[in-house]
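Notes follow once the structure below has been shown.
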Amino acid sequence: MSQTSAQEPGPVTVVIVDDHAMFRAGVRGELTSLGQGQVTVLAEAADVDSAVAAIATHRPRVVLLDVHLPGGGGVEVMRRQPSPDTSYLALSVSDAAEDVIGTIRGGARGYVTKTITGPELVSAIGRVAGGDAVFSPRLAGFVLDAFAGSIDVAAVDEDLDRLTEREREVMRLIARGYAYKEVAKELFISIKTVETHMSNVLRKLQLSSRHELTRWANDRRLL
Amino acid sequence: MTAPTAPAGGPASNTALGGDLGTDPGSAAPDARCAFRDTHEPILGGVAGGLARHLGVPVLWVRAAFVLLVAFGGFGIAVYAGLWMVLPPDTRVLEEAPGLESASRTGKRPGRGRRLTDVGPAIALGALGFGLVIAVESLLGAGAVFWPLLIGMAGIALLWRQADEAQRERWMDSTGKINPVRVVFGSGGWASYARVGAGVLLIVTALAVFSLSSGSLGNARDVGMAGLLGVAGLAIVVGPWIYRLASDLTAERAERVRTQERADLAAHLHDSVLQTLALIQKNAGDQAMVARLARSQERDLRSWLYAGEAADESTLASALRGVGAAVEDTHGASVDVVTVGDCSFSEVLRPVVSAAREAVTNAAKHAGTGKVDMYAEITVAAVDVFVRDRGEGFDPDTIASDRYGVRNSIIDRMQRHGGTAEIRSALGDGTEVRLHLPRPHRETDERESTR
Chain A
28 MSQTSAQEPG
38 PVTVVIVDDH
48 AMFRAGVRGE
58 LTSLGQGQVT
68 VLAEAADVDS
78 AVAAIATHRP
88 RVVLLDVHLP
98 GGGGVEVMRR
108 QPSPDTSYLA
118 LSVSDAAEDV
128 IGTIRGGARG
138 YVTKTITGPE
148 LVSAIGRVAG
158 GDAVFSPRLA
168 GFVLDAFAGS
178 IDVAAVDEDL
188 DRLTEREREV
198 MRLIARGYAY
208 KEVAKELFIS
218 IKTVETHMSN
228 VLRKLQLSSR
238 HELTRWANDR
248 RLL
Chain B
21 MTAPTAPAGG
31 PASNTALGGD
41 LGTDPGSAAP
51 DARCAFRDTH
61 EPILGGVAGG
71 LARHLGVPVL
81 WVRAAFVLLV
91 AFGGFGIAVY
101 AGLWMVLPPD
111 TRVLEEAPGL
121 ESASRTGKRP
131 GRGRRLTDVG
141 PAIALGALGF
151 GLVIAVESLL
161 GAGAVFWPLL
171 IGMAGIALLW
181 RQADEAQRER
191 WMDSTGKINP
201 VRVVFGSGGW
211 ASYARVGAGV
221 LLIVTALAVF
231 SLSSGSLGNA
241 RDVGMAGLLG
251 VAGLAIVVGP
261 WIYRLASDLT
271 AERAERVRTQ
281 ERADLAAHLH
291 DSVLQTLALI
301 QKNAGDQAMV
311 ARLARSQERD
321 LRSWLYAGEA
331 ADESTLASAL
341 RGVGAAVEDT
351 HGASVDVVTV
361 GDCSFSEVLR
371 PVVSAAREAV
381 TNAAKHAGTG
391 KVDMYAEITV
401 AAVDVFVRDR
411 GEGFDPDTIA
421 SDRYGVRNSI
431 IDRMQRHGGT
441 AEIRSALGDG
451 TEVRLHLPRP
461 HRETDEREST
471 R
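For the record, the sequence lines run as chains A and B. The opening position of the first sequence corresponds to residue 28 in our numbering, with each subsequent residue numbered one higher. The opening position of the second sequence corresponds to residue 21 in our numbering, with each subsequent residue numbered one higher.
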């Protein structure tokens, strides 16, 4: 999974996509000072069209993508696939289930809220660049919620429609606020294995054909 | 979803746990459940989808039932049409959190795609129903009335469908004006023109086929002319009334909506944001205070704009969120609350909430990191709550003597109510409190909201 990062030494290239200029400036400042040598910001964009253009020109390793974006939202940027080798890390003020699940299913490799601290953001960018998934505790909670009670429907693809017991344990620990290292220690497995589990969960979240998953996200707030 | 009305008020018979059982609050009357049409992703009129949700059965069964009923002299079609007319459309769109709604309106969020998986079975069932009708037809030989009837019905269905779409768009429309053209076509687009065009064409064809089969070409033309004249006459007579009615409604509705929106927004901004800004200015020198204020305002705005998640005591998850919010406000630590599953809150569950409050407070006061994670997993069988911090930690063996609060209000409290509490801590490695409370078995059908 992480062979891409091994092939590309040097700082991770990043494009920041957000419609709030103040926020872009803040993140850029933070990344330049905290992520020196680890992260290089190539460009910024404020809406879907300019983002697609910027990503196609600069071909960054990682795009920090705002979820609510003029022109169809962050998902639209990923749908147009301006650059095949780019990974997306969604960054949003909204942590509504619909947005979170929708963005992950749209192709993002992680979802964090904008209150994330600078060092955490730098490490999340590194993780996404290495091909791993980034789950906030809240996203892990959504995943557990969405895949709960997955027994009733005889699904099209069983493998994709439920989590293994191990994946569930990993998700539970992430939801409890454990860092990857701590998860590995708690379950007596290597960090590498934790990362593999996370990537598998992400894949299931993206590819699962349970239409309840989307419906679940839509309905959740009404319950 | 017509939310499966929260299992009527709290605990059913709970004899398992002694202690603080109040009187059985099962007397609270549940809201009347009513069915809606699923106008979000309808195949035809959304009747089958809405009915399936209402009855809690797979939508395929409902569709199959309709198809079966069609075999009885077209009864299913009559039932479907009747329900289409009578059932109110699903108004969920109005309940979206304001931030999400606004983002959708301004095109910052993607629209919803259609569920292709669902269309397949519907088409298959439709074809099956069609075959059934033809089979019955050939057996009984109902004759010339059949084809015009079928074509006419298809036309009517198309027009009704367009009426639904236009209605939805009126709800989304923020200008509040009702334009007669938009009443029919919505905001346009080839789909709506095609629907109206094809619908009218089908009905006219039906009339033509009907009159052709019952007479000559001239006869058909006469019938057509008479029909057209009738429609034109009606339009001239009734048109002005409808138009005035519409414009009255428009004005009233727009005014009401705008006033309410303005009032809501002003109240909310004033109550929370402005006051917080004032406080921040006053405390500009106190960094911790400013951070606490900003955090509390952020939480408030976020839940108002996006999640619509309550922090009251209506459900266990919201009670726990309330605990997190209260501790944030008093102790200035940031508390991340993640919940999985939910159930209605009741006195039986209070011990776990109180113990969680104690644990979070301890973490906020003593850990010294200003960050606490709370995770709750609520299943039919039990409630598990984990409170974790990354602070200094302490030696758990010493709590018996010098941490009276922990001993008494967490461990003992949980044990008194049939649960367990476990505290894991090591110096330098933070602390985690694990609370476990089995839930009393309930004979009523408890529907987990994770469904």
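For every residue, glycine included, the Cβ atom is placed at its ideal position computed from N, Cα and C. Just so we're clear, the structure is a prediction, and the values are computed from it rather than from any experiment.
- No Cβ-Cβ contact shorter than 8 Å links valine 94/A with leucine 116/A.
- For alanine 383/B against threonine 440/B, the beta-carbon gap comes to about 19 Å, at or over 8 Å, which does not count as contact.
- Close CB contacts of aspartate 46/A within its chain, under the 7 Å cut and outside five residues either way in sequence, are with Ala73, Asp74, Asp93, Leu96, Pro97 (chain order).
- Below 8 Å, too few C-beta pairs join the stretch 50-60 of chain A and the stretch 88-97 of chain B to call them touching: fewer than three.
- Sequence-distant Cβ neighbours of valine 293/B in its own chain, meaning closer than 8 Å and more than five residues away, are Gln317, Leu321.
- Shown here, aspartate 404/B sits in a strand according to DSSP, grouped into three states.
- DSSP lists Val68/A, Val89/A as the beta-bridge partner residues of valine 41/A.
- Under the three-state reduction of DSSP, aspartate 349/B is assigned to helix.
- Across the structure, leucine 289/B and tryptophan 81/B are spaced so that their CA atoms are roughly 48 Å apart.
- Residue ranges of uninterrupted beta strand (DSSP E) with 3 or more members, entirely inside the stretch 103-158 of chain A and ordered along the chain, are 114-119, 137-140.
- At a Cβ-Cβ threshold of 8 Å, valine 372/B and valine 403/B count as neighbours.
- Per DSSP, tyrosine 100/B is one residue of the alpha helix (DSSP H) stretching across 95-106.
- Neighbourhood of glycine 137/A in chain B, by CB distance below 8 Å: empty, with the nearest CB roughly 16 Å away.
- Taking the C-beta atoms as reference points, tyrosine 138/A is found nearer than 8 Å to valine 127/A.
- In the three-state scheme derived from DSSP, where H, G and I count as helix and E and B as strand, arginine 57/B is classed as strand.
- Judged by beta-carbon spacing, proline 38/A lies within the 8 Å limit of glycine 64/A, meaning their Cβ atoms are closer than that value.
- Nearest to alanine 147/B by C-alpha distance, out of Trp167/B, Ala84/B, Val358/B, is Ala84/B.
- Put simply, the CB of serine 77/A is far from chain B, with every gap to its CB atoms at 8 Å or more.
- In this structure, the alpha-carbon of serine 119/A lies about 5 Å from that of lysine 141/A.
- For threonine 399/B, no beta strand (DSSP E) segment is defined, and its DSSP state is neither H nor E.
- In the DSSP annotation of this structure, isoleucine 201/A is not part of any beta strand (DSSP E); the continuous alpha helix (DSSP H) holding it starts and ends at 192-202.
- Those residues of the stretch 353-378 of chain B placed with their C-beta closer than 8 Å to a C-beta in chain A are Asp356, Val358, Thr359, Val360, Gly361, Asp362, ordered along the chain.
- Neighbours of glutamate 103/A in chain B, taken as residues at a C-beta separation under 9 Å, are given in chain order as Pro130.
- Look at alanine 387/B here: in three-state DSSP terms it is coil, with no helix or strand label.
- In the DSSP secondary-structure assignment, glutamate 442/B is bridged to Arg454/B.
- A check of alpha carbon separations from tyrosine 100/B across Leu297/B, Leu222/B, Trp180/B identifies Trp180/B as the nearest.
- Contact annotation, phenylalanine 414/B with leucine 457/B: C-beta distance approximately 24 Å; criterion of less than 8 Å not satisfied.
- Serine 235/A has its alpha-carbon roughly 31 Å from the corresponding atom of threonine 144/A.
- Among the bridge pairs identified by DSSP, threonine 359/B is matched with Ala396/B.
- Here leucine 107/B is not near alanine 68/B, since their CB atoms are 8 Å or more apart.
- DSSP, reduced to helix, strand and coil, places proline 460/B outside both helices and strands of the structure shown, so it counts as coil.
- With a cutoff of 8 Å on beta-carbon distance, isoleucine 152/A and valine 79/A are scored as not near each other.
- Glycine 70/B sits away from aspartate 184/B, with the two beta carbons spaced by 8 Å or more.
- Contact fails between the stretch 302-318 of chain B and the stretch 268-286 of chain B, because fewer than three Cβ pairs, one in each stretch, are under 8 Å apart.
- Across the set Leu340/B, His386/B, Ser364/B, Arg370/B, the C-alpha of His386/B shows the shortest separation from the C-alpha of glycine 352/B.
- Valine 426/B and glutamate 378/B have their C-alpha atoms some 8 Å from each other.
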